[in-house]
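Protein chains: 2
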Amino acid sequence: MSEPEKNIPEASAGKQVLNGGTAAKTKEDFDLAAVYVSDALYNRNIYFDTSPQAVRLYLLYNHWAFKVLLYVFITVNLCLAIFEDPAVFPLPTWATMLVELLCVLVFTFRIVHYAKVIPRDKFWKDPKNICIIVILMLTLVDMIIYGALKAANCSIVRWSRVLRPLLLVNVTEGRQLRRAFRSIRNALPQIFYVFLLFMFSLLMFSLMALKLLGKRNLKTAAGLPYFTNYLEIVFELYVLVTTANSPDVMMPAYNSSTVFTIFFIVYILINTYIFMSVFLAVVYNNYKKYLKEEVRQLVRAKRHKMARAFAVLQEEEGGQSVVTQANWNQLVRQVRPDVSNAHRELLWHVCDDKKHGFVGKVAFVQLADLLNIEVITLKSRPHPLQSLVPKIYQSAPSRLLCRLVQHRGFVIAFDLIILVNAVFIGLDEENPMISNSEWVFLTLYVLEILLKLYVCEPRAFFSRHSFWNWFDTIIVVSALIATIINSALKSSGGYTSRQILDIVFILRVLRLIRVVDSIQRFRTIINTLIRIGPAILTFGQLIIVVFYIFAMVGMELFKHKVKFYEDHNEPSKLYCGNPLLNNTAFAQLNYCKNNFNNVVSSFILLVELTVVNQWHVLSDGFATITHVSARIFFVLFHILVVIIIVNIFVAFVLEAFFVEYSMDKNDLQTSLEKKIEELELAVAQEKLEDNLVNNMETIDNDLGTGQPSTTAKLPNLMFKIASKRYRTVDALLQRMFEEDLDPEDFAETDEPEAQTRSFPNPGFGST
Amino acid sequence: MSEPEKNIPEASAGKQVLNGGTAAKTKEDFDLAAVYVSDALYNRNIYFDTSPQAVRLYLLYNHWAFKVLLYVFITVNLCLAIFEDPAVFPLPTWATMLVELLCVLVFTFRIVHYAKVIPRDKFWKDPKNICIIVILMLTLVDMIIYGALKAANCSIVRWSRVLRPLLLVNVTEGRQLRRAFRSIRNALPQIFYVFLLFMFSLLMFSLMALKLLGKRNLKTAAGLPYFTNYLEIVFELYVLVTTANSPDVMMPAYNSSTVFTIFFIVYILINTYIFMSVFLAVVYNNYKKYLKEEVRQLVRAKRHKMARAFAVLQEEEGGQSVVTQANWNQLVRQVRPDVSNAHRELLWHVCDDKKHGFVGKVAFVQLADLLNIEVITLKSRPHPLQSLVPKIYQSAPSRLLCRLVQHRGFVIAFDLIILVNAVFIGLDEENPMISNSEWVFLTLYVLEILLKLYVCEPRAFFSRHSFWNWFDTIIVVSALIATIINSALKSSGGYTSRQILDIVFILRVLRLIRVVDSIQRFRTIINTLIRIGPAILTFGQLIIVVFYIFAMVGMELFKHKVKFYEDHNEPSKLYCGNPLLNNTAFAQLNYCKNNFNNVVSSFILLVELTVVNQWHVLSDGFATITHVSARIFFVLFHILVVIIIVNIFVAFVLEAFFVEYSMDKNDLQTSLEKKIEELELAVAQEKLEDNLVNNMETIDNDLGTGQPSTTAKLPNLMFKIASKRYRTVDALLQRMFEEDLDPEDFAETDEPEAQTRSFPNPGFGST
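Structure (structure tokens):
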């Protein structure tokens, strides 16, 4: 705090208003400020109109129901591929067209809503809006053409389906996905040069292979001429870089002379090991560099928004611009209605640590970060049984039981039971002894949960952050239900549903995972993996976009060219229903089901291509039935997905793990968190006991137990920071960068989308 | 420099001696100081005895001839495997035994020499000496047992051969290799926990697969039962992690129901993508952490050694310990006789930048780093033709020619010629037009080199750092010679040697690489790759050690079980001479030559296993002919080489590239180099012209052209720092760390091998 004065009169006394014109802030002011703060909170970068009407529309635009609806319709739109020709479940064309029209209407409605929210010139300058409009228009055009030609019985390609996944990227909520694409785009120039050099090396080695091996009349295992065609060699050696044809491509040369292996070993060393590592290095390096820049911009934008919110709510107080506690309270209540009174009180004490009754700009700007830190309100409460049957619960045997359950041996005993269970699962379940033992194990597990509930307060046991308790209970209860249904079915008609049995088996095996949680070292690794989970979802979306586009193109190119027959006696099964495939590796390896006949099998095929192995067999198979240039499709997929996207994924996991490791070592606690922790104890024990706990008792409805007398007896309030568990790489980097930034630095963001430069006193409703 | 006085009397005037007892330093003093400095220069950490006799022995021990001899004998010892049973070229047992005995004698001589150099207690405390002695003794024991049993006609295993590559690790020169092994050892604990978790996940998924798929009576493509045996499933799923059996293992389940692909996709996502990335992250993280620590110790040890050298040569000068210029000169001359007088003069000016005539401790310690910076002495000299035929060389057409050759178009023209050449190489060389065109291209290339030599001074053209000039000339000249021999052979008897033709082809293709050098962006990537080359050699040694051990074990386990027949009509070729292999994938894929029948094919097989693809087919092949437990050998190899060593290699390339990138950005130039550059200009133009150049003319014999008059006419001397090109990751990190370290900090190294703590005045000959 840079304020020199210490004793300022009461906050509400000498109030002077500079901005806004009235002493009391209007509802519109709070709406606007709340929108700024929540934009800062969720890192939204939308430069909306600041007129009260636009702000109301913007609030509506950000309503969760609209967002859910949007994603539901995007999903429906993408899922249409299941029902369109080539379909998994065919539906008449009019039905899918009708649904698609509905989707287009919803998207149009959404974009119109967005256009109403932001200034017109901003709207038309934003490429993502243009993208959406173009996609929607092209979709309509395609639907009309398709419908017309379909009516005239002409066959035509539904080309606009390729555009569908792009909506996922261009909607305002696709921020993370856009960032992933930007990160790819930024890495492209550097990757391109390495790729050119790699291609040069590939072409050189191919030329050498042609000269060395082409004239020796060697034959492949299939009896075909070996290394005689230059383009064929280039493809074979490209496949060798992916290691998919590793010893096979070398064997004819090796069989002819051991010396030729030197050629292949040098080739593999240079192209597979060195070049592929260089690709990873380039991608990783770009990823890191770009991430830093993105985070820098995010932090700047966030500060800027918070400063705008401050400008809206500021009042003059002893020559300074400040926000009063009352206004601050109302703002927080509006931004995050789910924050409890006690928690809000705590945050206020962190912001106003000198107890002035108001906060300055620097302290106010912290609010977005403070709200992002997850604080768990813990309250030690007596066990419900203690109030119901206090005598029994407090008796000696009951206490002994509690001690037993809390003992380390209890955990070890159940770990051993799980291991024995694992052995029993492995044994043949047809044996009645084994199948009955399942009941014993289920009983033991249920007993374990009941015992833990006896010892532990149920609400604490099932608190939001006790992942393993939830996991246990859900698995055991579902296993119990599934096993009961299964045996009921069995005893009634002797018939067991295969599906239910499968579910029972899966649940039984999943139960075993619990054993991992007992070992500290495993828990840390697993927690890291869980923590990077949400970010992996962004990669999931990225993969879906790319796969969907390739699946659509692949389906148009290769649909119904390969057939899969369920019937084992079908003679054309031997060549997948396509005589061209006779005696190819594709048919011999029984890959008939790897086809582009519908969207599901296309996706599975693309996953197989991502895993890389045997991709040349699949590629050759489809090249055989169409044209040799079909290989381009597969090579393109390999370059895009394996060389670029998988490497970015690996780079992401690498970075996430380093951040985790450095967190473990430094135990990074920012000044903010330390402040909370210092204050937390003070809050819990001294000053706030009177007003805070009363607030909580009256307002926090989820904590009302109906027994205020018992609860008030020992109101031991505790706060716990949960944020450490939920930190993402971005959040951490953001915090690291914030420490570098001057707390007084509220410079405008230099983003291209940056609005007016009239800060620090933006005219209210200036548009 | 921390000296407060500026005007000190002449260096040789008020000389007082504190240490050593005499005013002039003896030859022993210089020997000892030179040893310390050269140890610091080459990062040797040998705590030798400081008695004059031991120092002389130590100098002998470090003589390059002995080192070369040692490596020759290590190579011979390793190569014995080629001649021993199972041999590539069989030799009688007595011959190989005799050679091995000779090798053992050489190694014994070397270790005895080493024992004489360092104090006895140090010698016995060092594990690497114990290792060598144990290896040598075990080898002798094994040779005696083998010889005795061989005489008695009993068959026995030569088990001590496994120990041979360990000598490579334990000799004093194997510093880099030991470091690589240490880096692996340090990463092991962390890798172990991730590996346990990975194994747990593998076992769980296998259990689930057994329960889900085991009872469905599915058949593999070969008609065998699918997923019915638990251990078989574990192996199959382990192979799936390596992606080697990627779609095949899934196909039977996929053919039965599409739903099962979910199981495999989840499995691949978790185990192949996430766990394998985590392995890389753990290995990389450890590599970085450990590298930093190693470099820290290296820098400390280096400073410590330099401080010792200073202590030996120091004299008292105005209350300070200093080293005089004369002593400094003699020391540098002794340590690096190859450094020219001019270069030494330059270094002295950098050290003694205030021109006192002596250097203090801080400046003296820099010497090791200064000597490590490669400085190229450039001297603009007239072209020899100018002095021979000045009129012709200075004439207008000659000048035009020079301008033409130096023009950008000249390079572009020859790049185009190379591209045309590439096309011609690709065409059929049987065509007489094409084969004659080769002569045209050869003439053009020779012409290019001659033209360049006409323009450029020949010694500058063939300077040590002009990689591409050397490359060009060697390739073109060898191609010329080979082509002439080839056509001579052809015209004489019509018979063309295939080997010579192969060499001609390879040289022709290699010539094309030159085109890469013309493009700036490619050159930077290639330079990075060349720069990390030497460090890759350490990985080469590491790989040889591990491969050799696996090859020895593999040969004992699997030798002569699989046979390869050159003859295509041999019926047992179908099952590689082993009926057990009938109808296995191993025989069907024609992998008979992938065997352990001699050390060369073992190495090739191990390379194939490193590339991973089809390793399960090889593993199953050898398991079929011996026992299913043979798979352990292959899985162990995969874990050790692919999961650990290849990941360390990737980590190394990643780190090397980041260092390169950050060098590009910061253009890291330490203060040391800047100082040289500042001084360089001063040196070249002003003060040093008189004495420096004279020195050079008289002493630098390699520069004496026999025409002093012409040369002295314009003695434009220039220094160029070449170190930037030859920086390794280690050297860079070392420099980065040195900047962190206080220049006055000469604290003793805390290495376990650290000698006496009697610094800063160690008693001379104290042992």
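First to last, the protein sequences are chains A and B.
Under UniProt numbering, read the first sequence as residues 1 to 767, first letter to last.
Under UniProt numbering, read the second sequence as residues 1 to 767, first letter to last.
Every residue gets a Cβ at the ideal spot worked out from N, C-alpha and C, and that includes glycine.
Legend entry - Nearest-angstrom Cβ-Cβ length linking A:VAL332 and A:ARG344, presumed shorter than 8 Å: What you label residue 332 of chain A is simply residue 332 of the first sequence in a count that begins at 1. What you label residue 344 of chain A is simply residue 344 of the first sequence in a count that begins at 1. Contact between A:VAL332 and A:ARG344 holds: their C-beta atoms lie close to 5 Å from each other, under 8 Å.
Legend entry - Listed by chain order, chain A residues near B:ALA244 by CB distance under 8 Å: Looking up residue 244 of chain B in the second sequence gives position 244. What B:ALA244 touches in chain A: ASN613.
Legend entry - Through-space distance from B:TYR226 to B:ILE525, alpha-carbon basis: Stepping through the second sequence from its first residue, residue 525 of chain B is reached at position 525. Stepping through the second sequence from its first residue, residue 226 of chain B is reached at position 226. About 49 Å.
Inset, instruction - Give me the Cα-Cα distance between A:PHE123 and A:ASP49, rounded to the nearest whole angstrom. - result: In the first sequence, residue 123 of chain A corresponds to position 123, counting from 1. In the first sequence, residue 49 of chain A corresponds to position 49, counting from 1. The straight-line gap from Cα to Cα measures roughly 11 Å.
Legend entry - Residue of B:ARG511, B:VAL509, B:ALA482 and B:ILE513 minimising C-alpha distance to B:ARG498: Indexing the second sequence from 1 puts residue 498 of chain B at position 498. The shortest C-alpha separation from B:ARG498 is found at B:ALA482.
Legend entry - Identity of the residue in B:VAL241, B:HIS560, B:PRO397 and B:VAL476 nearest B:ILE268 by Cα: Position 268 of the second sequence holds residue 268 of chain B. The shortest C-alpha separation from B:ILE268 is found at B:VAL241.
Inset, instruction - Please list the segments of the alpha helix (DSSP H) lying wholly inside the segment 342-413 of chain B, counting only runs of 4 or more residues, in order along the chain. - result: 361-365, 367-372, 384-388, 390-394 and 396-406
Inset, instruction - Helix, strand or coil for A:THR483, going by three-state DSSP, please let me know. - result: Looking up residue 483 of chain A in the first sequence gives position 483. The answer is helix: DSSP assigns A:THR483 an H, G or I state.
Legend entry - Residues from the segment 270-292 of chain B in contact with chain A, defined by Cβ distance under 8 Å: Per Cβ criterion, the list reads THR272, TYR273, ILE274, SER277, VAL278, LEU280, ALA281, VAL282, TYR284 and ASN285.
Inset, instruction - Report the residue from A:GLY533, A:LYS593, A:PRO571 and A:THR584 whose alpha carbon sits nearest the alpha carbon of A:HIS560. - result: On the first sequence, position 560 is the one that residue 560 of chain A refers to. Ranking the options by Cα distance to A:HIS560, first place goes to A:LYS593.
Inset, instruction - Keeping to the same chain, check which residues put their C-beta closer than 7 Å to that of A:SER518; ignore five residues upstream and five downstream. - result: To locate residue 518 of chain A, count along the first sequence from 1; it is residue 518. Cβ neighbours of A:SER518 beyond the five flanking positions: VAL411 and ASP415.
Legend entry - Residues sharing a beta bridge with B:GLU315, DSSP: Stepping through the second sequence from its first residue, residue 315 of chain B is reached at position 315. DSSP output for B:GLU315 lists B:VAL322 as bridge partner(s).
Inset, instruction - Measure the CB-CB distance between B:LEU640 and B:VAL546 and report whether it falls below 9 Å. - result: Reading the second sequence from its first residue, position 640 is the one you call residue 640 of chain B. Reading the second sequence from its first residue, position 546 is the one you call residue 546 of chain B. Yes. Within cutoff.
Legend entry - B:ASP502 vs A:LYS128 beta-carbon contact at 9 Å: Locating residue 502 of chain B in the second sequence gives position 502, counting from the first residue. Locating residue 128 of chain A in the first sequence gives position 128, counting from the first residue. In this structure, A:LYS128 does not lie closer than 9 Å to B:ASP502 by Cβ.
Inset, instruction - Let me know the beta strand (DSSP E) ranges lying completely inside the segment 597-626 of chain A, each 3 residues or longer, listed in chain order. - result: none
Inset, instruction - Tell me whether the beta-carbon of B:TYR290 lies closer than 9 Å to the beta-carbon of B:ALA209. - result: If you number the second sequence from 1, residue 290 of chain B lands on position 290. If you number the second sequence from 1, residue 209 of chain B lands on position 209. No, Cβ-Cβ distance for B:TYR290 and B:ALA209 is not below 9 Å.
Inset, instruction - Return the first residue and the last residue of the alpha helix (DSSP H) that B:ASP29 is part of. - result: Working through the second sequence from its first residue, we reach residue 29 of chain B at position 29. B:ASP29 -> alpha helix (DSSP H) spans 27-41.
Inset, instruction - Determine the direct distance from the alpha carbon of A:THR228 to that of A:LYS67, and round the result to whole angstroms. - result: Counting from 1 along the first sequence, the entry for residue 67 of chain A is found at position 67. Counting from 1 along the first sequence, the entry for residue 228 of chain A is found at position 228. For A:LYS67 and A:THR228, the gap between their C-alpha atoms comes out near 58 Å.
Legend entry - Simplified DSSP state of A:PRO119, which is helix, strand or coil: The residue you call residue 119 of chain A lines up with position 119 of the first sequence. Residue state, collapsed to three classes: coil.
Inset, instruction - Compute the minimum distance between the beta carbon of A:LYS563 and the heavy atoms of the ligand ADP, and state whether it is under 8 Å. - result: This structure simply doesn't include the ligand ADP, nor any ligand for that matter.
Legend entry - B:LYS67 in three-state terms, based on DSSP: In the second sequence, the residue the question calls residue 67 of chain B occupies position 67. In the structure shown, B:LYS67 falls within a helical segment according to DSSP collapsed to helix, strand and coil.
Inset, instruction - Output yes if chain A places a C-beta closer than 9 Å to the C-beta of B:GLY357; else output no. - result: Residue mapping note: residue 357 of chain B aligns to position 357 of the second sequence, counting from 1. When Cβ-Cβ separations below 9 Å define contact, B:GLY357 makes no contact with chain A.
Inset, instruction - From the DSSP output, in three-state form, read off A:PRO225 for me. - result: For this step, residue 225 of chain A is matched to residue 225 along the first sequence. Of the three classes helix, strand and coil, the one that applies to A:PRO225 here is strand, per DSSP.
Legend entry - Exposed unless 16 or more other CB atoms sit within 10 angstroms - verdict on B:HIS356: For the purposes of this step, residue 356 of chain B is identified with residue 356 of the second sequence, where counting begins at 1. Buried, by the Cβ-count rule.
Legend entry - Pick from A:VAL88, A:SER491 and A:THR272 that is closest to A:PHE195, judged by C-alpha positions: Within the first sequence, numbered from 1, the residue matching residue 195 of chain A stands at position 195. Among A:VAL88, A:SER491 and A:THR272, the Cα nearest to that of A:PHE195 is on A:THR272.
Inset, instruction - Give me the Cα-Cα distance between B:SER395 and B:VAL405, rounded to the nearest whole angstrom. - result: Looking up residue 395 of chain B in the second sequence gives position 395. Looking up residue 405 of chain B in the second sequence gives position 405. Distance between the alpha carbons of B:SER395 and B:VAL405: 16 Å.
Legend entry - the segment 182-196 of chain B: positions lying closer than 7 Å to chain A by Cβ: TYR193 and VAL194
Inset, instruction - Starting from B:ASP248, trace the alpha helix (DSSP H) both ways and give me its first and last residue. - result: Position 248 of the second sequence, counted from the start, is the residue given in the question as residue 248 of chain B. 246-256 is the span of the alpha helix (DSSP H), which, as asked, contains B:ASP248.
Legend entry - Pair within 9 Å by beta-carbon distance, A:SER246 and B:ASN613: Indexing the first sequence from 1 puts residue 246 of chain A at position 246. Indexing the second sequence from 1 puts residue 613 of chain B at position 613. It is a contact, given that the beta carbons lie within the stated cut-off.
Inset, instruction - Indicate whether the contact test is met: 3 or more Cβ pairs, each with one atom in the segment 109-124 of chain A and one in the segment 40-56 of chain A, closer than 8 Å. - result: yes
Inset, instruction - Could you tell me whether the Cβ atoms of A:VAL350 and A:LEU41 are closer together than 9 Å? - result: Mapped onto the first sequence, residue 350 of chain A falls at position 350. Mapped onto the first sequence, residue 41 of chain A falls at position 41. It is not a contact, given that the beta carbons lie outside the stated cut-off.
Inset, instruction - Please classify B:LYS219: does DSSP put it in a helix, a strand, or coil? - result: Here residue 219 of chain B is taken as the residue at index 219 of the second sequence, counted from 1. Look at B:LYS219 here: in three-state DSSP terms it is strand.
Inset, instruction - Please classify B:ASN666: does DSSP put it in a helix, a strand, or coil? - result: Within the second sequence, numbered from 1, the residue matching residue 666 of chain B stands at position 666. For B:ASN666, the predicted model reports a pLDDT of 40, less than 50, meaning its position is unreliable and no value from the coordinates is stated.
Inset, instruction - Go through its chain and collect everything with a Cβ distance to B:PHE473's Cβ below 7 Å, but skip five positions before and after it. - result: In the second sequence, residue 473 of chain B corresponds to position 473, counting from 1. Reading off the sequence shown, one finds Thr at residue 473 of chain B, where the question assumed Phe. ILE449, listed in sequence order.
Legend entry - Environment of A:LYS302 [buried if 16+ CB atoms lie within 10 Å]: On the first sequence, position 302 is the one that residue 302 of chain A refers to. Answer is buried; the Cβ neighbour count reaches 16.
Legend entry - Distance, A:VAL553 Cα to A:PHE109 Cα: Locating residue 109 of chain A in the first sequence gives position 109, where the first residue counts as 1. Locating residue 553 of chain A in the first sequence gives position 553, where the first residue counts as 1. So the two alpha carbons sit approximately 29 Å from each other.
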